[in-house]
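Each protein sequence line maps, in turn, to chains A, B and C.
The opening residue of the first sequence carries number 22 in our numbering; numbering runs sequentially from there.
The opening residue of the second sequence carries number 154 in our numbering; numbering runs sequentially from there.
The opening residue of the third sequence carries number 350 in our numbering; numbering runs sequentially from there.
The beta carbon of each residue, even a glycine, is placed where N, CA and C say it ideally should be.
Predicted model only: the values in this text are computed from it and were never measured.
Inspection log for the structure reproduced underneath, given as structure tokens.
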Amino acid sequence: MPGIKTYVGIWLGLVVATIMEVVTRSLPGAVSLLALTILLISSAKAIFIALYYQHLRFESWRLAVLPIAAIVGIALLAISSAFSMAMGG
Amino acid sequence: MGFLIVAGSFGELMRTQLAVPNNTLLDPFQYSETVTLHGLLMILWVLSPLGVGIANYIVPLQIGAKDLAFPRLNATSYFTYLFSGVLLVGSIFLPGGGAATGWTLYAPLNTIQFSPQSGATLAILALALLSVSVTMSSINFITTIVKNRTKGVTWKRLPIFTWSILMTMALMLFAFPTLAAGALLLTSDRIFGTIFFSSTVGGSILWDLLFWFFGHPEVYIVVLPAIGIIAEVFMTSAKRGLFARTVFLFELGAVTFLSVDVWMHHMFTTGVNYTLLQTFSITTLAISIPFEGVVIGLVLTLYKSRIKITTPFLFCLAAIFTVTLGGVTGVLQAFPVLDYAFRGTYWVVGHFHYVMAGTTLFALIGGLYYWWPKITKRMYNETIGIITFIISFIGFNILYFPYFFMIDMPRRVATFTYTSGLASLNLTATVGAYIFGPAFLLAVLNLAFSLRKASSETNANPWEAKEMEWTGDYSGTGQATSTENGGTSSITGDYTKKSKEIEK
Amino acid sequence: MTGNNEHSEGKHSFMPIVISVGVSILLLGLIIYIPLFVAGLIITAVALLKVFKDGFEEKFSKSKETPEEAWPLEQQGKEKIGVWVFLTSEILIFGSLISAYVYVRLGSSSWPIASQTHNVILGMINTIILLTSSLSIVLALYFIRAGNTTGLKVGLTSAFALGSAFLVIKLGFEWPELIRKGFTINSGLPGSTYYVLTGVHAVHLAAGLVAVGYLMLRAFNGGFNSSKHSGVENVGLYWHFVDIVWMFLFPLFYLI
Chain A
22 MPGIKTYVGI WLGLVVATIM EVVTRSLPGA VSLLALTILL ISSAKAIFIA LYYQHLRFES
82 WRLAVLPIAA IVGIALLAIS SAFSMAMGG
Chain B
154 MGFLIVAGSF GELMRTQLAV PNNTLLDPFQ YSETVTLHGL LMILWVLSPL GVGIANYIVP
214 LQIGAKDLAF PRLNATSYFT YLFSGVLLVG SIFLPGGGAA TGWTLYAPLN TIQFSPQSGA
274 TLAILALALL SVSVTMSSIN FITTIVKNRT KGVTWKRLPI FTWSILMTMA LMLFAFPTLA
334 AGALLLTSDR IFGTIFFSST VGGSILWDLL FWFFGHPEVY IVVLPAIGII AEVFMTSAKR
394 GLFARTVFLF ELGAVTFLSV DVWMHHMFTT GVNYTLLQTF SITTLAISIP FEGVVIGLVL
454 TLYKSRIKIT TPFLFCLAAI FTVTLGGVTG VLQAFPVLDY AFRGTYWVVG HFHYVMAGTT
514 LFALIGGLYY WWPKITKRMY NETIGIITFI ISFIGFNILY FPYFFMIDMP RRVATFTYTS
574 GLASLNLTAT VGAYIFGPAF LLAVLNLAFS LRKASSETNA NPWEAKEMEW TGDYSGTGQA
634 TSTENGGTSS ITGDYTKKSK EIEK
Chain C
350 MTGNNEHSEG KHSFMPIVIS VGVSILLLGL IIYIPLFVAG LIITAVALLK VFKDGFEEKF
410 SKSKETPEEA WPLEQQGKEK IGVWVFLTSE ILIFGSLISA YVYVRLGSSS WPIASQTHNV
470 ILGMINTIIL LTSSLSIVLA LYFIRAGNTT GLKVGLTSAF ALGSAFLVIK LGFEWPELIR
530 KGFTINSGLP GSTYYVLTGV HAVHLAAGLV AVGYLMLRAF NGGFNSSKHS GVENVGLYWH
590 FVDIVWMFLF PLFYLI
């Protein structure tokens, strides 16, 4: 199990990542590209919280089998819906 | 004492919520209300809960647990289910009536503009409450099956029915939150004036997407426990292990996985993009393959074995017949081009009644009959069982087979004209309904009648079943802690060793 | 029946029935008569309090079973497994709502610019507040694992305070400001999606606050020690999940 330094270190990283997200928004460039970058940063934040705060890195990964399946399911729903809308609703 | 939690939940979940016949004198709005309530109640408040109720009792027995992992959660999930049903039925008594949209509650008919009555909002809240109840159940069962197995009940030895319940629960976990999300957005539309489903930005398609992402897994949620029951009954009736058990389980798992990615086949005629039509047509055809494998596996379990004909066996056999017919008519709908003809007609109604009212209901009643001696230690009257089965089965087919000839008749319409040529078919179906309903009710009451007899230990395993819930031997060591007839326990393979049975 | 360890008689709680009745009355009241809604709310709240008071120990099970076959999750308690299963359903409900948001947004020909509608800096500060509350609650677990009850209490209290601050900023500053500008729940799809999604998130956070409050009460009454603290961990798991959801809601509504 991690120690205080790890927990605080992760927190620091998360705060920096949050600021990075906000800064990215004001960068020049295509909105969709910026949006993708921002969401990738968010996903990374989420993964780190799951790994270190929810201790998935230190315990059986099998605890996350159902949640990961859920994420896949949602991706299915989101992508199909987005595709359906993008192709004419 | 704690039995009260399990058996009480089970017994009350057993109480069938009322089916509403479609052949009474109703005006169009009342007819629509009736259709809506019949569909919602049957699918969500009867079929699934019946399966879960049986599971509530049998799964702990099959895995050697005393109870589910979270008993209070179990009770809460039962009572929220019960009261959500009360709310739903009560909704038709509010001024303006209840929901009259069909069980699928399509947008924009479900919006406040086209269904202004508060009863419809209440119905949707009842749905939301049921989603909560179901989620609680699935958390409970999944945790129980993972954690509460007793010594010897490894994953490889897990009984088929428990496997089917585990898969059902996983699907429930996956499907119902989306229904809850849809209900939440719809409630927000109806109460706060948002426009999720009435906006021209894909409002009705949005509902379709959310509802059917739930709705398709839902129908597998309904049918999977039935498959598990058929497997158990066939194994005991034929005194054999399941044919190709590992393959069977993989196929069942495949059906469970795939059921999440076929949902757009309910939207083939909504004008969605062609690529999506292709994709979901392929996935729908794909899911029929393992499902057929499952059915074939069940049938092959019976092949060349000496079958003991009992009421549960007959009901499960009927279920195989109906699932074949229902499955074939379903696969035909996997083709979008054919769907344009089928959609919204009685063909579809015939298809799903064959698999739901036929396969699921028959198998569930078969399961009740099968486990009745175990649960109540009383034996029902076999003759009455078989007779009521035969009459029900005949009535069932008279009722539903005509639907396949009624492709010209739209669903959810209150009446039809004399010139449509549909009169004789409809009348036949109605006659069938009057035969099927009472006969089936009698079949169920037959079970209740047996309760008047004294309970007796000698009745505790009349099928000489070898499965763990009957023998009490969970580790397969042949030493049962409570044996009914001293048989050795084995759930795979050993059935071919006939000598052991003769020795008994 | 089988070789189980103890056969303690299970007690029965009436709270399941009461909670169900309360929730049903609440829903009915929402539709037909607001005082009924309030009554239902009160009944449910009281029943939940009783559930908390009864505690989550094994008084209601029929036997104290040591799971004998629990591969591959022998190490984890059943409550933890239950929480992860529950989080799965939560992923699906938030995911469905977010999918709906993506869907209607992609289909809309015009959508207000996020930075012009929302106060991005305030949102960012709120995000950091929530992140810090996650740190607090995991440190609370860390401390009680080591037997440090003071650290536990500080951690839990900080988490509670920070979580409350998040809600206060959102509901007391952000939302009123938005409403004043005309950005309401029914001012169009942008408003609807924002309020529904952040609202559902806020409700989940509030539920988390109730749970943390319960933990605080127990902690201050000396109910936790270095070997008995699964509640802290399990509530933490839920709390981090609520945080993770916000990791996505913040950019989806404030940045993009």
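- Message: With the cut-off set at 9 Å, would you say residue 504 (chain B) and residue 483 (chain B) are in Cβ contact?
- Response: As a working mapping, residue 504 (chain B) is identified with position 351 in the second sequence. As a working mapping, residue 483 (chain B) is identified with position 330 in the second sequence. A contact, by the Cβ cut-off of 9 Å.
- Give the DSSP-derived three-state secondary structure of residue 412 (chain C) in the structure shown. In the third sequence, residue 412 (chain C) corresponds to position 63, counting from 1. Residue placement at residue 412 (chain C) is poorly supported in this model, since its pLDDT is 46, which falls under 50; the coordinates still yield a value, given next. For residue 412 (chain C), the secondary structure class from DSSP, reduced to helix, strand or coil, is coil.
- Query: Looking at C-alpha atoms only, which residue of B:311, B:328 and B:296 is the closest neighbour of residue 287 (chain B)?
  - Reply: Against the second sequence, residue 287 (chain B) aligns to sequence position 134. The residue from B:311, B:328 and B:296 with its alpha-carbon nearest to that of residue 287 (chain B) is B:328.
- Query: If we call anything under 9 Å between Cβ atoms a contact, is residue 607 (chain B) one with residue 496 (chain B)?
  - Reply: Your numbering for residue 607 (chain B) matches position 454 in the second sequence. Your numbering for residue 496 (chain B) matches position 343 in the second sequence. The Cβ atoms of residue 607 (chain B) and residue 496 (chain B) do not sit closer than 9 Å to each other.
- Item | Straight-line gap, residue 600 (chain C) to residue 188 (chain B) (C-alpha atoms, nearest Å) | Translated into the one-based positions of the third sequence, residue 600 (chain C) becomes position 251. Translated into the one-based positions of the second sequence, residue 188 (chain B) becomes position 35. Spanning the two alpha carbons is a distance of roughly 44 Å.
- Return the first residue and the last residue of the alpha helix (DSSP H) that residue 13 (chain A) is part of. What is shown of chain A runs 22 to 110, which leaves residue 13 (chain A) out entirely.
- Could you list which residues in chain A have their beta carbon closer than 8 Å to that of residue 589 (chain C), in chain order? Stepping through the third sequence from its first residue, residue 589 (chain C) is reached at position 240. Those within 8 Å of residue 589 (chain C) in chain A are 70, 71, 74 and 75.
- Mark residue 492 (chain C) as exposed unless 16 or more other C-beta atoms lie within 10 angstroms of its C-beta, in which case mark it buried. On the third sequence, position 143 is the one that residue 492 (chain C) refers to. The Cβ neighbour count for residue 492 (chain C), taken over all protein chains shown within 10 Å, is at least 16; the residue is labelled buried.
- Message: Alpha carbons only, please: which of B:342, B:336 and B:373 is nearest the one belonging to residue 362 (chain B)?
- Response: To locate residue 362 (chain B), count along the second sequence from 1; it is residue 209. Measuring from the Cα of residue 362 (chain B), the nearest candidate turns out to be B:336.
- Task: May I have the straight-line CA-CA distance separating residue 35 (chain A) from residue 429 (chain C), to the nearest angstrom?
- Result: Along the first sequence, one-based indexing puts residue 35 (chain A) at 14. Along the third sequence, one-based indexing puts residue 429 (chain C) at 80. So the two alpha carbons sit approximately 25 Å from each other.
- Pick out whichever of B:492, B:274, B:216 and B:465 has its Cα sitting closest to the Cα of residue 308 (chain B). The residue you call residue 308 (chain B) lines up with position 155 of the second sequence. Looking at the Cα atoms, B:216 is the closest of the given residues.
- Cutoff 9 Å: residue 103 (chain A) Cβ touching any chain C Cβ: Counting from one through the first sequence, the residue named residue 103 (chain A) turns up at place 82. Using a CB distance cut-off of 9 Å, residue 103 (chain A) counts as an interface residue toward chain C.
- Task: Let me know the secondary structure DSSP gives residue 494 (chain C) once reduced to three states.
- Result: To locate residue 494 (chain C), count along the third sequence from 1; it is residue 145. The answer is helix: DSSP assigns residue 494 (chain C) an H, G or I state.
- Message: What would DSSP say about residue 465 (chain B), mapped onto helix, strand or coil?
- Response: Taking the second sequence and counting its residues from 1, the one referred to as residue 465 (chain B) is at position 312. Three-state DSSP puts residue 465 (chain B) in a helix.
- Query: residue 533 (chain C) by DSSP, collapsed to three states: which one?
  - Reply: Here residue 533 (chain C) is taken as the residue at index 184 of the third sequence, counted from 1. In the structure shown, residue 533 (chain C) adopts coil according to DSSP, grouped into three states.
- Message: Does any residue of chain B have a CB that is nearer than 9 Å to the CB of residue 35 (chain A)?
- Response: Mapped onto the first sequence, residue 35 (chain A) falls at position 14. Not closer than 9 Å to any Cβ of chain B, the Cβ of residue 35 (chain A) fails to qualify, so no.
- Query: Counting only runs that start and end within the segment 540 to 567 of chain B, where is the alpha helix (DSSP H) found for 4 or more residues in a row?
  - Reply: Within the segment 540 to 567 of chain B, no complete alpha helix (DSSP H) run reaches 4 residues.
- Taking the alpha carbon of residue 333 (chain B) as the point to measure from, which residue in C:391, C:398, C:396 and C:442 has its own alpha carbon closest? Locating residue 333 (chain B) in the second sequence gives position 180, counting from the first residue. The shortest Cα separation from residue 333 (chain B) among C:391, C:398, C:396 and C:442 belongs to C:442.
- Mind pulling the chain B residues with CB within less than 9 Å of residue 91 (chain A)? Your numbering for residue 91 (chain A) matches position 70 in the first sequence. Per Cβ cutoff of 9 Å: 326, 327 and 330.
- List the residues that DSSP assigns as beta-bridge partners of residue 498 (chain B). Locating residue 498 (chain B) in the second sequence gives position 345, counting from the first residue. Answer is B:563, bridged to residue 498 (chain B).
- Message: Please identify, using Cβ separations under 7 Å, the residues of the segment 511 to 545 of chain C that lie next to chain A, in order along the chain.
- Response: Taking 7 Å as the Cβ-Cβ cut-off against chain A, none of the residues of the segment 511 to 545 of chain C qualify.
- Which class does residue 579 (chain B) belong to by DSSP, given the choice of helix, strand or coil? Stepping through the second sequence from its first residue, residue 579 (chain B) is reached at position 426. Residue state, collapsed to three classes: helix.
- Could you check how far apart the C-beta atoms of residue 517 (chain B) and residue 382 (chain B) are, in whole angstroms? I think they sit under 8 Å. Here residue 517 (chain B) refers to the residue found at position 364 when the second sequence is read from its first residue. Here residue 382 (chain B) refers to the residue found at position 229 when the second sequence is read from its first residue. 7 Å between Cβ atoms; contact.
- Item | Cross-chain neighbours of residue 108 (chain A) in chain B, by beta carbon under 9 Å | Position 87 of the first sequence, counted from the start, is the residue given in the question as residue 108 (chain A). Residues of chain B passing the Cβ test: 425, 426, 427, 428 and 429.
- Euclidean distance between Cα positions of residue 466 (chain C) and residue 524 (chain C): As a working note, residue 466 (chain C) is residue 117 in the third sequence. As a working note, residue 524 (chain C) is residue 175 in the third sequence. If you take the alpha carbons of residue 466 (chain C) and residue 524 (chain C), they lie about 11 Å apart.
- Task: Please state if the CB of residue 479 (chain B) and the CB of residue 428 (chain B) are separated by a distance shorter than 9 Å.
- Result: As a first step, residue 428 (chain B) must be located in the second sequence, where it is residue number 275. As a first step, residue 479 (chain B) must be located in the second sequence, where it is residue number 326. For residue 428 (chain B) and residue 479 (chain B), no; Cβs fall outside 9 Å.
- Report the residue from B:279, B:302 and B:200 whose alpha carbon sits nearest the alpha carbon of residue 212 (chain B). Indexing the second sequence from 1 puts residue 212 (chain B) at position 59. The shortest Cα separation from residue 212 (chain B) among B:279, B:302 and B:200 belongs to B:302.
- With DSSP as the reference, label residue 526 (chain C) as helix, strand or coil. If you number the third sequence from 1, residue 526 (chain C) lands on position 177. It is helical.
- Message: On a Cα-Cα basis, can you pick out the residue from B:425, B:576, B:450 and B:596 that is closest to residue 401 (chain B)?
- Response: Counting from one through the second sequence, the residue named residue 401 (chain B) turns up at place 248. Among B:425, B:576, B:450 and B:596, the Cα nearest to that of residue 401 (chain B) belongs to B:450.
- Could you have a look at residue 431 (chain C) and say whether DSSP puts it in helix, strand or coil? Stepping through the third sequence from its first residue, residue 431 (chain C) is reached at position 82. When DSSP states are grouped into helix, strand and coil, residue 431 (chain C) belongs to the helix group.
- Message: Can you check whether the C-beta of residue 355 (chain B) is within less than 9 Å of a C-beta belonging to chain A?
- Response: By one-based count along the second sequence, residue 355 (chain B) stands at place 202. Answer yes: the Cβ-Cβ gap between residue 355 (chain B) and chain A drops below 9 Å somewhere.
- Query: Under 9 Å between C-beta atoms, does residue 476 (chain C) make it to chain A?
  - Reply: As a position in the third sequence, residue 476 (chain C) is number 127, starting the count at 1. Closer than 9 Å: yes.
- With DSSP run on the structure shown, which of helix, strand or coil describes residue 183 (chain B)? In the second sequence, residue 183 (chain B) corresponds to position 30, counting from 1. Three-state result, residue 183 (chain B): helix.
- Message: Using a 10 Å radius around the Cβ and a threshold of 16 neighbouring Cβ atoms, would you call residue 529 (chain C) buried or exposed?
- Response: To locate residue 529 (chain C), count along the third sequence from 1; it is residue 180. With fewer than 16 neighbouring CB atoms inside 10 Å of its own CB, residue 529 (chain C) falls in the exposed class.
- To the nearest whole angstrom, what separates the beta carbons of residue 453 (chain C) and residue 354 (chain B), a pair I think is in contact under 8 Å? As a first step, residue 453 (chain C) must be located in the third sequence, where it is residue number 104. As a first step, residue 354 (chain B) must be located in the second sequence, where it is residue number 201. Between residue 354 (chain B) and residue 453 (chain C) the Cβ distance is about 5 Å, and since that is below 8 Å, they are a contact.
- Which runs of the alpha helix (DSSP H) spanning at least 4 residues fall entirely within the segment 397 to 476 of chain B, listed in chain order? Runs found: 398 to 411 and 427 to 455.
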